Amino acid sequence: MNQSAETKPQNNLLSKLGPSAKKAMLSGTGLILLFVAFCFIVPGGKFFSKDNLINITQQVVTYSIIGFGLTFCLICGGTDLSAGSSLALSGIVIVSLLSWGVPLPIGIIICLIIGILMGILNGFSIEVLGVVPFIATLGTQWVFRGLANVAVDGKPLYTTSIPSQAVQDQFYMLGGGRLSFGLPYSVIIMLVYGAILFFVLAKTRVGRQIYACGSNLEAAKLSGINATRTRMFAYCVSGFSAAICGILVTSRINSAQPMAGQGSEMEAIAASVLGGVSNTGGEGSIGNTIIGALIMGVLRNGLNLSGVNSYWQNVVIGIILVAACALEAYRHKKLT
Amino acid sequence: MAEELFRMEGISKSFPGVKALQNVSFSVNKGEVHGLVGENGAGKSTLMKVMSGVYRADEGKIFIENQEVKIDSVAKGHQLGVNIIFQELNLAPHLSVADNIFIGRPPKKGPIISDRQMHADAKKILDELGININTHTVVRNLSVAQQQMVEIAKAISYNSKILVLDEPTAALSEKEIAQLFEIIRNLQKKGVGMVYISHRMEELGQICERVTVLRDGQYIGTRNYKDLTMDELVNMIVGRTLEDKYPKYQRTIGDVVFKAENIRRKNIVNVDKLEVRAGEILGIAGLMGSGRSEIVRCIFGADKADSMELTMNGKPIKVRNPRPGHCPWHWLRHRRP
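Chains as they are written, first to last, in our numbering: chain A, 1 to 336; chain B, 1001 to 1337.
Structure representation (C-alpha cells):
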C-alpha cells in the first residue's frame, strides 16, 4: 500500500493542522508583511498611530461581519450576493421601527429576524426552487435593494426621525460608541459574534455538516446529512450577519442609506478568499475570514494614507486578489 | 444451514420508461460474501440502492433477521445496519479521515464535537481492520486504495450487519486487492454479511460462497460458486451459450495507420512506441493511475507532452489542442473510473 500519507506521526501538531489553518498561516504572513510595509511607506508614522489603528478596526468590522456570513455560504459550496442589499434593507427596517416608537431591543430583535427571513428566502430559492446560488442571490440582491429604495423613496432615513433623544443616543452607541481608550463597541460585537460563529463552524454538528456539503454534496447526502437544512442554515447565518452589519453601519453614520453596503458582499468575498476560504467550498474558517478582512482593511487604509487615489486603490486590490489566488493555485498544483 | 441475515422478495422498481428491476429476490447469510453479477445495466446497482435506502422499491418486501423492515432513507438503512460502498467513492475530500468516518454523526459532549474522542474512535476502527492511516490526514491526499479503506472503516463504524461493495477492486493493484480481501475475511469472522459486485470472475471464486445473477433487471438464479463452471456462469450472465469466449472475427489487418513514438510527460507517461494498423483494435491495459488515460490524453492533445512524435498515414502530424476528428471526445469520457 502507498505509505506516503502515513509517515507522519499521529501526534505531530503540524499534521493535525487542517488545510484552512495552513492557509491562515500563509495569509497571516502576508498580512504582517503588508502591515510592516505600510508602517514604513506611509510618511510621518501616521499609519502606526492609535487613531489610525482604531480606524482600521472600524473598517474591518464591516468586512468581517458580512464576511462571516459569506464564509458559511462559501464553505457549503454556495455564495450570497444579496448580503450588501440585506445590509441596506436592515438599516432601513431598524430606523423605521425606532421612528415608529418601537423600543430599541425589540427593534433590534425584529431587524435580526428579518435578516434571517432574507436568508430563508435565499435558501428557499436555492434549495427548493433549485436556482443556482449565484443567480438566486443575484436576484434577491436586486429585490432587497429595490425594496430598500421603495421603502424610503430612494432618500436616506436619518436617525433624527426617532422621537426619543435617549433612544437616538443609545442607538448611536451601538456602532459609533467607544470604550474609554477608544476601542469601538462594534469591534467587540464583531469579536464576540466571530467567536460564536467560529465555535459553531468548528465544533458543532451543523458546522461539520456545512463542510461536508461543500466538500462533496453527494457524499454528504448519502451519509444521511440533511443537505437542504444545512445549507438553509448557512444562508440564514449570512442574512443574520448582514442584519447585524446593517444595524452597526446605520448607527455609526446616523442614517439608513438605501444604497448602503453596495458591493460590500464582493469585498467580503474577496476578504474571505484572501484569508484562505475556498470559493468552491469545503475549506476555510472564521479565522481565515478575520485575517482576510484585516488584509483588506490594512490595504485600503494604507493605500489611502500613502496618497493613492481610490481609483488606483481598486486597481491595486484587484491585482492583489488575483495574484494571491494564482499563488495558491500554483502551490496547489505543486502539491499534487 | 447458515443463518439468514437479510432477504429481499419480489423487488420491482421502474424508472420512467425503464423497468430496472422485475420481481428480484436476494438474500445474504451471516458471515457470507454473496457475489452479485450481471452485465452493465442488469440492475445490480439499482438493487443495491433499493437495499440501502437510496431508492424505494415499487413492490417487494425486505426482511432483516426475518423481521420485515422498510428502508425508506439512507439514514434508516444505516440504523438497520445496511451500508453500501459505492463504486465512485463518496468521501469529502477536504475533510480528515476521522471526519469522514464519522460524517454526519460525530461524537459529541453536549453540543460540542469531541475531536479527541472522534480521532481515538476512528483509530480504533482502523486498527481493528488492520488499516494503517493517520486519522488526521486530509482525504484528498490519500491514494484511491486508501480512500476505499476509509470507506470500509466508515461503513463499519455504523455497526454494519450488511455491507455492499460495488466493484471495490476496479482501481486496486494486486497487493491492495489482497489487503482488501483480508479485511473482508476479517469482517466475515465477525458475522458481517457482504454483497460483492464485480466483473472479475476470478475474484468471485476467491471470496464468494454464493453468486446471484441478474440480467436485464430480472432474477436469473443463485448458485453455489463451487458447483458452477465458468461457462455456466457466463451463460447465466449473457443468456445464451457462448461457443467461444473470445470469438474470432475475420478481419484483414492492413498497414500502420497511426504511430506515436517517444511519448513522454513528466514521470507519468513513458512510451517508446505505439502503432495502430488499419482494421485493428488496440487495447491499452493497466490499473487506474498507471498512465492509460494519460497516454491517450497526450496523443489527443489534452495534456501537453514533453516529447511526442505522431505519424498519421506516414505523414508526421502535430497536435496542440484537443480537436474533434483527431480522435473522438468519447475516447476520454468512456474510460472506467
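Just so it is clear, CB atoms sit at the ideal spot from N, CA and C, and this is done for glycine as well.
These figures come from a predicted structure and were not determined experimentally.
Any chain B beta carbon closer than 8 Å to residue i
i	result
Ile225 (chain A)	yes
Pro105 (chain A)	no
Asn216 (chain A)	yes
Lys203 (chain A)	yes
Tyr193 (chain A)	no
Lys333 (chain A)	no
Glu328 (chain A)	no
Leu70 (chain A)	no
Glu283 (chain A)	yes
Gln10 (chain A)	Caution applies to Gln10 (chain A), whose pLDDT of 44 falls short of 50 and renders its modelled position unreliable; the value that the coordinates give is listed next. So, interface residue.
Leu53 (chain A)	no
Ala220 (chain A)	yes
Ala234 (chain A)	no
Ala21 (chain A)	no
Ala83 (chain A)	no
Ala212 (chain A)	yes
Cys325 (chain A)	no
CB contact below 8 Å: residue i versus chain A
i	result
Pro1168 (chain B)	no
Leu1095 (chain B)	yes
Leu1091 (chain B)	yes
Ile1103 (chain B)	yes
Ala1075 (chain B)	yes
Gly1110 (chain B)	no
His1034 (chain B)	no
Val1069 (chain B)	no
Val1211 (chain B)	no
Val1138 (chain B)	yes
Arg1333 (chain B)	Note that Arg1333 (chain B) has pLDDT 47, beneath the 50 cutoff, so the model's placement of it is unreliable and the number below is only indicative. Taking Cβ atoms only, chain A never reaches closer than 8 Å to Arg1333 (chain B), which makes this a no.
His1199 (chain B)	no
Boundaries (first-last residue) of the beta strand (DSSP E) holding residue i
i	result
Phe68 (chain A)	Here Phe68 (chain A) belongs to no beta strand (DSSP E); instead the alpha helix (DSSP H) covers 50-75.
Ala1260 (chain B)	1256-1265
His1034 (chain B)	1033-1037
Val1276 (chain B)	1269-1277
Leu265 (chain A)	Per the sequence presented here, residue 265 (chain A) reads as Glu, with Leu not at that position. Not the beta strand (DSSP E): Glu265 (chain A) falls in the alpha helix (DSSP H), residues 264-275.
Val1024 (chain B)	1018-1029
Asp1166 (chain B)	1162-1166
Val1195 (chain B)	1193-1197
Start-to-end residues for the alpha helix (DSSP H) that takes in residue i
i	result
Asp1121 (chain B)	1115-1128
Gln209 (chain A)	205-215
Ile1084 (chain B)	Looking at the DSSP string, Ile1084 (chain B) is not in any alpha helix (DSSP H); the run it does join, the beta strand (DSSP E), is 1082-1085.
Pro133 (chain A)	133-152
Thr1252 (chain B)	It is not in any alpha helix (DSSP H) - Thr1252 (chain B) carries neither H nor E in the DSSP assignment.
Pro19 (chain A)	19-41
Asp1231 (chain B)	1230-1238
Pro184 (chain A)	Run containing Pro184 (chain A): none; DSSP gives neither H nor E here.
Pro105 (chain A)	104-123
Met1048 (chain B)	1044-1052
Tyr172 (chain A)	165-176
Beta-carbon gap between residue i and residue j smaller than 8 Å
i	j	result
His1078 (chain B)	Gly224 (chain A)	yes
Leu1165 (chain B)	Gly1038 (chain B)	no
Leu1163 (chain B)	Leu1187 (chain B)	yes
Asn122 (chain A)	Pro258 (chain A)	no
Arg1265 (chain B)	Cys1298 (chain B)	yes
Val1069 (chain B)	Leu1080 (chain B)	yes
Met296 (chain A)	Glu267 (chain A)	yes
Ala212 (chain A)	Ala202 (chain A)	no
Val1271 (chain B)	Ile1295 (chain B)	yes
Arg1210 (chain B)	Thr1229 (chain B)	no
Gly77 (chain A)	Gly281 (chain A)	yes
7 Å Cβ cut-off: residues of chain E touching residue i
i	result
Arg208 (chain A)	Judged by its chain identifiers, the structure shown contains no chain E, and its protein chains are A and B.
Mind listing which residues of the region 1112-1132 of chain B have their C-beta closer than 7 Å to chain A's C-betas, in chain order? Ile1112, Ile1113, Asn1132
Is there contact here, the region 1176-1196 of chain B with the region 1031-1043 of chain B, by at least three beta-carbon pairs under 8 Å? yes
The region 1148-1167 of chain B touching the region 1116-1132 of chain B, judged by at least three CB pairs closer than 8 Å: yes
contact_flag[the region 1043-1063 of chain B, the region 180-193 of chain A] where n(CB pairs < 8 Å) is 3 or more: Between the region 1043-1063 of chain B and the region 180-193 of chain A, the count of Cβ pairs shorter than 8 Å is below three; the stretches do not touch.
Check whether the region 77-91 of chain A and the region 124-143 of chain A touch, using three or more Cβ-Cβ pairs below 8 Å as the test. yes
Using 8 Å as the Cβ pair cut-off and three pairs as the minimum, do the region 177-187 of chain A and the region 272-283 of chain A touch? no
So, does the region 1174-1182 of chain B touch the region 1010-1023 of chain B, judging by three or more C-beta pairs under 8 Å? no
Kindly confirm or deny that the region 202-212 of chain A and the region 1097-1113 of chain B touch, where touching means at least three C-beta pairs closer than 8 Å. yes
Any 3 or more C-beta pairs closer than 8 Å across the region 158-177 of chain A and the region 245-257 of chain A: yes
Quick one: any contact between the region 326-333 of chain A and the region 1042-1051 of chain B, if contact means 3 or more CB pairs under 8 Å? no
Can you give me, in chain order, the residues of the region 258-274 of chain A that have a beta carbon less than 9 Å from any beta carbon in chain B? none
Along the region 136-158 of chain A, what residues have a CB closer than 7 Å to any CB found in chain B? none
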